[in-house]
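Here is the structure we will look at.
There are 2 protein chains.
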Amino acid sequence: MASPFKILLADDHVMFRRGVRSLIQGMDNVEVVGEAGDGFELLRLLKAIHPHLVIMDISMPNLRGLEATREIKILDPGVKVLILSMHKEREYLYHALTAGAEGYLLKEDADGELISAIETLRQGGTFISPLLSAQMADIFVDKFQAGSEPRTGPGEPLTIREREIVKLIAEGKSSKEMGQLLFISSRTVQHHRANIMRKLNLKKTADLVKYAIQKGYVMASVF
Amino acid sequence: MASPFKILLADDHVMFRRGVRSLIQGMDNVEVVGEAGDGFELLRLLKAIHPHLVIMDISMPNLRGLEATREIKILDPGVKVLILSMHKEREYLYHALTAGAEGYLLKEDADGELISAIETLRQGGTFISPLLSAQMADIFVDKFQAGSEPRTGPGEPLTIREREIVKLIAEGKSSKEMGQLLFISSRTVQHHRANIMRKLNLKKTADLVKYAIQKGYVMASVF
DNA sequence: TTGCCCCTGGGTATAAATACCTAGGCTATA
DNA sequence: TATAGCCTAGGTATTTATACCCAGGGGCAA
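Same order as they appear, the protein sequences are chains A and B. Residue numbering for the first sequence is 1 to 223, as defined by my numbering. Residue numbering for the second sequence is 1 to 223, as defined by my numbering.
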């Protein structure tokens, strides 16, 4: 393999990043290309570096890990995400997978399983911490890989800007509001909107919302 | 208990209905109050009888079982639904639970487990066929009971008509289209729409779509 | 360089949604 | 009987969305 597997680390604890980095250094053809201390920095680096994988603390500051995961999947759906978490509760796992993460690793497992997790994700798989029973993983993975497979695949017909618009529409924003948020004219937003509708062959805002949910751009919850 | 637990059977096979009925006859304070051979008949009987539980074949004609389940949850969210299915695949279980069913029983299990299933649902629980591992159930039940508990509870502020409107909006229908479908004026639809928005304290169609998905009135899929 | 796609912005027009107001018939219940 | 809630329907006005048209600048690749 000529091109190494590029990894971006996102965790607010320097020591933890150092530990992960040292673990990864023992792997072949895998390289840590950047580190971020919070979500904003992560997104900035993401645009600049375009890594293959982001390893992220779920409780990272400024855009918590799951929000950042959603953003990553909108900005660059091909980037895989491995969530590091201290939470054993299944709700966290569920939300991580629905946010689009391909991996969920407990920090207490990280020492022994991180390399396996990275390898699994590198090969297109999904990795769930062994402490969270394998059955759980199967279900969610089956469901959410099947339901959102084109998220990463070549079937993604939308541009980055268009995915941003889709997310905002699904959040209930009007074209005018989106224009103000994105610092562009509402007319431009309308233009994107029309292009999205045409590309996806949709007719109604309702369809767009369902598309966004299916893609994991937003959560179905109204709360 | 003075009032018996009223059950409506929906299955296109008469012999199967007969078998279920005979099984139930051995139970205390449980009564089969009607039988339907397809989905349309089921909904008609539902409005007339208002049973406590519907036991339904997943592959029933004219409105398949899952569609009928969604309709039931819109028309009368307090009615519990037990799906009878020959499908072991987890996708069917998943879709049944997201459609709002409280129970999923494999036909090959029905003989030995039907009474347990009915009792469980009667007491407000969720029953999944033992052949489908218990872990699966736990996950989904936790998720979807937590996420849609008010579906059956007193927190449901919408009327039947309003829930119908919500479902149609989430399906992408315009007020004019809904008026034609429901044989009422589009102005009436707009009035319902405004009432729904006010009751739920929502502002945008996008929020309504997410509400409908959360409630299980529609699926998030755009396909 | 040339072409293609993305992002940007506007004009115009129609359709739809949203926000207020009004009110009558119906049913269930206090 | 009377009160309340639900479903029905219309008036009027404003805001959005949708559907067409137009075009320029920038990046990227054949």
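Note that the Cβ used here is the ideal one computed from N, Cα and C, for glycine as well.
Beta-carbon proximity check, residue i vs residue j, cutoff 8 Å
i        : j        : result
Leu84/A  : Met56/A  : yes
Lys199/B : Leu158/B : yes
Leu121/A : Leu53/A  : yes
Arg64/A  : Tyr217/A : no
Ile58/B  : Leu8/B   : no
Ile72/B  : Leu46/B  : yes
Gln190/A : Ser175/A : yes
Lys210/A : Ala220/B : yes
His87/B  : Leu66/B  : no
Met27/B  : Ile118/B : yes
Pro130/B : Glu102/B : no
Ile196/A : Val166/A : yes
Ala237/A : Ala206/B : This structure cannot speak to residue 237/A, because chain A is shown only from 1 to 223.
Phe5/B   : Glu41/B  : no
Leu97/A  : Ala68/A  : no
Pro51/B  : Val79/B  : yes
Ile115/B : Leu182/B : no
Asp12/A  : Gly37/A  : yes
Per-residue contacts from residue i into chain A (C-beta, under 9 Å)
i       : result
Val54/B : By Cβ distance, chain A contributes nothing, its closest Cβ being about 25 Å from Val54/B, past 9 Å.
Chain-ordered chain B contacts of residue i [CB-CB under 9 Å]
i        : result
Thr172/A : Just to set this straight, residue 172/A is Gly in the shown sequence, not Thr. Simply Leu202, Lys203, Lys204, Thr205, Ala206, Asp207 and Lys210.
Local conformation of residue i per DSSP, three classes
i        : result
Gly100/B : coil
Lys199/B : helix
Ile139/B : Caution applies to Ile139/B, whose pLDDT of 42 falls short of 50 and renders its modelled position unreliable; the value that the coordinates give is listed next. Three-state result, Ile139/B: helix.
Val218/B : coil
Met56/A  : strand
Phe16/A  : helix
Lys88/B  : coil
Lys173/B : coil
Gly125/B : coil
Ile213/B : helix
Phe144/A : With a pLDDT of 38 at Phe144/A, under the threshold of 50, the modelled position of this residue cannot be trusted; read the value that follows with caution. Phe144/A falls in the helix class under three-state DSSP.
Glu164/B : helix
Run of the beta strand (DSSP E) containing residue i, from where it starts to where it stops
i       : result
Phe40/A : Run containing Phe40/A: none in the beta strand (DSSP E); it sits in the alpha helix (DSSP H), Gly39 to Ile49.
Lys73/B : Unbroken run through Lys73/B is the alpha helix (DSSP H), Gly65 to Leu75; no beta strand (DSSP E).
Leu84/A : Lys80 to Ser85
Chain B contact residues for residue i, given Cβ-Cβ distances below 8 Å
i        : result
Ile169/A : Ala206
Boundaries of the alpha helix (DSSP H) in which residue i is found, first to last residue
i        : result
Ser229/B : Chain B is shown from 1 up to 223; residue 229/B falls before or after that span and cannot be answered.
Gly26/B  : Here Gly26/B belongs to no alpha helix (DSSP H), and DSSP marks it neither H nor E.
Lys6/B   : Where Lys6/B is concerned, there is no enclosing alpha helix (DSSP H), although the beta strand (DSSP E) it sits in stretches over Phe5 to Ala10.
Lys107/B : Lys107 to Arg122
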